[in-house]
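Chains as they are written, first to last, in our numbering: chain A, 1 to 139; chain B, 1001 to 1443. Ideal Cβ placement from N, Cα and C applies to all residues, glycine included. All values derive from a computational prediction rather than experimental measurement.
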Amino acid sequence: MLLELEFEIEPGNFMLAGEASSKIKETLKKLGVKPEVLKKVAIVSYEAEMNIVIHSVGGILKAIISKDKIEVIAQDKGPGIEDIELAMKEGYSTAPEEIRNLGFGAGMGLPNMKKYSDYFEIDSQKGKGTRVYMIIYNK
Amino acid sequence: MKNLHSIMLDKEKCKGCTNCIKRCPTEAIRVRNSKARIIDQRCIDCGECIRTCPYHAKYAITNSLEEINRFQYKIALPAPSFYAQFEVDDVNKLLYALLELGFDDVFEVAKAAEIVTHFTKQFILSEKNKKPIISSACPAVVRLVQTKFPDLIENILPIASPMEVAAYIAKKKTQREKRIEEDKIGAFFISPCAAKMTYVNSPLGFERSYVDGVIAIKDVYGLVRSKLREIKDVKSLSIASGKGIGWAASGGESLALEVEEYVNVDGIHNVARVLEEIENGKLKDIIYFEGLACSGGCVGGPLAVENPYVAKNRIKRLCSNLKDKEESLSAWTEEIINSFSLKLRDVIFEKELETNPVLELDSDIERAMEKFEKVNNILSMLPGLDCGACGSPTCKTLAEDIVRGFANDTDCIFVLRENIKELANKMVELSNKLPPSLERNDE
Ligand code: SF4
Ligand code: SF4
């Protein structure tokens, strides 16, 4: 059995930022997922959601939950990442000044997502969009 | 499991309004047959429903003052917030008044708070902790974490609360000085807090509690006030410094710890919101999180009397009055720690905190997933008004209650009305179907 949760993420809307990952977390708690697993999903889905809010022109956050694993997919509609290798470096950020002043966009998003997921894949095309695919095993 | 919580309902007073079900942070209350009902395992004793109920139908079970007489030697353990309930500038008067109520001795929980601070500092410096460290002083917050934030349990400070440390030291001291056996000594917490009562019955992190009873501040308030009027000269009994007394109000614990990177939050819903952020990996730079269930901190406890804002201000004044003596008072802390050769390992949790899985839909994940889908299907048929008329706090909780087998979809008045409409239509339809042998008027 699979459970699919999908959320539309609005770009630039900091009022709603975090709501989708909150719902994913809540669902996992209802399902009795182990605390260690929950913690990882909480962090990667929140970072993914924030990335869409900060950097994209909108996208979706999706969680596919099955008995053995949780897949988290973040897909946005652009503008894409120019240099993925650089973007994966801790502390590197392209977030505009005003967003950094809000305490976001410290350049830890992607590195954190990679750190806390068991499988991490990123695909991005300049001008098109970015897709991050992550798996966290429910061991 | 008995005594899972201390908050009770006075059925006579309850009107079955839905104010409390809306405020409960763990969705522990339902209204059934026009009366509120608390789901035992879900209640974390935050006292929110006591404060919300317009009919004062919620109360906390605590011990009566008479119960101290079960013991040969009786010790009062006043909470720091006790000091804030009265208009006095000298804490000694208050402690003296407690003796007048029948106690043989007092030991200030505020002093124990300083001892806890001492060991918490050591713990923060040790390597093996998860940041931010979540204070364990408020049992309602600890139980909120166990129930709603199971992944943050490992962040909880595994150190005994000031109340517990106070009871332990007070008893050891009495045994040593008065040569009285431990089971003849009774230690009673003078409490603003309902959650502490539950703690005494089922301690968090420990097998047993050294506290023998919890007496509500509101139950001794009047007596203490009248004693205060009679008291003229008092002995010097108080040894707590401003650092310990400050624990009464939100932020006091963090201030005593002298860590720069701390966050202090009061009010159970605010605490829950910040715990969510910690869960998201934010607040990474924060070392200490002090969350208190009551608004204002313990001065706003459900068993306290004085307005929490006034009380908070009094605490501030008492602390600044002690400024000159701060050093000598603080020296007492070390003296006590040394004389009982207390080490960090003496105050550290004996057992790990468990998660409280009451919010799970099923212990088997596959079945939980099936139930989750069912909940969503039912939810799509409910109006989404969260009106509470069904007795559940939200449409979503009703849907869950239905799937858990505790409620019916017709508990929703809108679904019921829809069903009645359908039934009425069917009746009209049926009534039009006359046997062919009968003549119809409209033909
Ligand atoms: S004390 Fe708190 S958790 Fe318990 S029923 Fe009341 S509001 Fe809910
Ligand atoms: S804030 Fe203080 S009084 Fe209120 S529940 Fe927590 S420990 Fe008890």
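- By a beta-carbon distance limit of 8 Å, A/Val53 contacts A/Asn13. Their separation comes to about 6 Å.
- Distance from the Cα of A/Lys128 is smallest, within the candidate group A/Lys114, A/Met134 and A/Asp76, for A/Asp76.
- Of all residues in the region 36 to 63 of chain A, only Glu36, Leu38, Lys39, Ala42, Ile43, Tyr46 and Glu47 place a beta-carbon less than 8 Å from a beta-carbon of chain B.
- Distances from the CA of B/Ile1133 to each of B/Leu1144, B/Met1197 and B/Leu1152 were compared; the closest alpha carbon is that of B/Leu1152.
- Within chain A, Pro35, Glu36, Leu38, Lys39 and Ala42 have C-beta atoms less than 8 Å from the C-beta of B/Asp1151, given in sequence order.
- Excluding the 5 residues flanking it on each side, B/Val1220 has same chain C-beta neighbours closer than 7 Å at Leu1065, Leu1101 and Ile1190, in chain order.
- Per DSSP, the beta bridge partners of B/Met1008 are B/Tyr1059.
- For B/Ala1028, the shortest separation between its Cβ and any heavy atom of ligand 1 lies below 7 Å.
- Contact between the region 1128 to 1143 of chain B and the region 1152 to 1166 of chain B is present, with at least three C-beta pairs closer than 8 Å.
- In chain B, no part has a C-beta under 8 Å from the C-beta of A/Asn13; the shortest such distance is about 17 Å.
- With respect to B/Val1403, B/Lys1351 sits apart: the two C-beta atoms are not nearer than 8 Å.
- Exclusion of B/Lys1218 from the 7 Å shell around ligand 2 follows from its C-beta lying no nearer than that to any non-hydrogen atom of the ligand.
- Contact between B/Thr1026 and B/Arg1042 holds, since their C-beta atoms are separated by about 5 Å, short of 8 Å.
- Between the region 1102 to 1115 of chain B and the region 1162 to 1169 of chain B there are three or more inter-stretch CB-CB distances shorter than 8 Å, so the stretches are counted as touching.
- Shown here, B/Val1305 sits in coil according to DSSP, grouped into three states, outside any helix or strand.
- When 9 Å is used as the limit between beta carbons, B/Glu1352 is near no residue of chain A, the shortest such separation being about 12 Å.
- Put simply, the backbone Cα of B/Ala1311 is about 42 Å away from that of A/Glu49.
- Considering only A/Glu6, A/Leu2 and A/Ile24, the residue with the shortest C-alpha distance to B/Glu1276 is A/Ile24.
- Listed along chain B, the residues sitting closer than 9 Å to A/Leu3 by beta-carbon distance are Met1369, Phe1372 and Glu1373.
- When the Cα atoms are used, B/Lys1148 and A/Gly18 turn out to be separated by approximately 17 Å.
- In this chain, the beta strand (DSSP E) harbouring B/Pro1078 covers Tyr1073 to Pro1078.
- Every beta strand (DSSP E) stretch that sits fully inside the region 53 to 82 of chain A and reaches 3 residues is listed by chain position as 59 to 65 and 69 to 76.
- With a threshold of 7 Å, the Cβ atom of B/His1005 counts as near ligand 1, since some heavy atom of the ligand is closer than that.
- A/Lys30 belongs to the set of residues whose beta carbon lies under 8 Å from a beta carbon in chain B.
- With 5 Å as the limit, the residues whose C-beta approaches any heavy atom of ligand 2 more closely are B/Cys1138, B/Ala1140, B/Pro1192, B/Cys1193, B/Ala1195, B/Leu1292, B/Ala1293, B/Cys1294, B/Cys1298 and B/Gly1301, in sequence along the chain.
- Contact of B/Pro1054 with chain A by beta-carbon distance below 8 Å is absent, the smallest such distance being about 30 Å.
- Between the region 1349 to 1363 of chain B and the region 1 to 9 of chain A there are fewer than three C-beta pairs closer than 8 Å, too few to call the two in contact.
- By the criterion of at least three beta-carbon pairs nearer than 8 Å, the region 1319 to 1327 of chain B is in contact with the region 1239 to 1253 of chain B.
- Annotation for B/Arg1023 indicates a beta carbon within 7 Å of some heavy atom of ligand 1.
- Around the beta carbon of B/Lys1011, fewer than 16 other beta carbons sit within 10 angstroms, so the residue counts as exposed.
- A residue is called buried when at least 16 other Cβ atoms come within 10 angstroms of its Cβ; A/Pro96 does not meet this threshold and is exposed.
- Note on geometry: alpha-carbon atoms of B/Arg1229 and B/Ala1110 lie some 24 Å from one another.
- Straight-line measurement puts the Cα of A/Ile70 at about 6 Å from the Cα of A/Ile64.
- With fewer than 16 other CB atoms across the displayed protein chains lying within 10 angstroms of its CB, B/Met1427 is exposed.
- Between A/Lys139 and chain B, the shortest Cβ-Cβ separation is not below 8 Å.
- Inclusion of B/Val1274 and B/Val1259 in the CB contact set at 8 Å is not warranted, their separation being larger than that value.
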